[in-house]
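A.B. asks:
Following this line, the structure appears as structure tokens:
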């Protein structure tokens, strides 16, 4: 189209971010695992919230994984992104795996 100097009548959709990732780059949120050498399972756990587009809007999937083994320990999916989604996922991981003390969702 560019070679023939044609233009589309459709506008490109821009992906709208649901969070402000500039806040994560702020100095107030330091990386707690910068100087840690990960040597064993359950030493460092990671969580991520992914939004999935559906016909009715968005669903939110929270996953907790072990950084050493890269194993997904638990995941939960809900229609709303709330702190209950994260705590429910953490409780599910604690029930399923023998996670050492110190990884308590109540803290």
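Residue numbers (our numbering): 51 to 157.
Cβ atoms here follow ideal geometry from the backbone N, Cα and C, with glycine treated the same way.
Remember, it's a predicted structure, so these values are computed and weren't measured experimentally.
Considering only C-alpha positions, which residue in the set 53, 125, 90 is nearest to residue 145?
C.D. replies: The residue with the shortest Cα to Cα distance from residue 145 is 125.
A.B. asks: Have a look at residue 83 and residue 56 and give me their C-alpha separation to the nearest angstrom.
C.D. replies: Taking the straight line joining both Cα atoms gives about 51 Å.
A.B. asks: Three-state secondary structure (DSSP) at residue 56?
C.D. replies: Reduced to three states, the DSSP call for residue 56 is coil.
A.B. asks: Could you spell out the range, first to last residue, of the beta strand (DSSP E) harbouring residue 136?
C.D. replies: Residue 136 -> not in any beta strand (DSSP E); alpha helix (DSSP H) instead, spanning 133 to 146.
A.B. asks: Using a 10 Å radius around the Cβ and a threshold of 16 neighbouring Cβ atoms, would you call residue 139 buried or exposed?
C.D. replies: Answer is buried; the Cβ neighbour count reaches 16.
A.B. asks: Taking residue 121 as the reference, which of 147, 81, 87, 52 has the closest Cα?
C.D. replies: Residue 147 is the option with its Cα nearest to residue 121.
A.B. asks: Can the beta-carbon of residue 27 be found closer than 8 Å to that of residue 99?
C.D. replies: The chain is shown only over 51 to 157; residue 27 falls outside these bounds and no answer can be derived.
A.B. asks: Which runs of the beta strand (DSSP E) at least 3 residues long sit entirely within the segment 90 to 139? Give them in chain order.
C.D. replies: Here the runs fully enclosed are 95 to 104, 107 to 116, 121 to 128.
A.B. asks: I think residue 150 touches residue 118, with their Cβ atoms under 8 Å apart; what is that distance to the nearest whole Å?
C.D. replies: 13 Å between Cβ atoms; not a contact.
A.B. asks: Considering only C-alpha positions, which residue in the set 86, 113, 130 is nearest to residue 106?
C.D. replies: Of the candidates 86, 113, 130, the one whose C-alpha sits nearest the C-alpha of residue 106 is 130.
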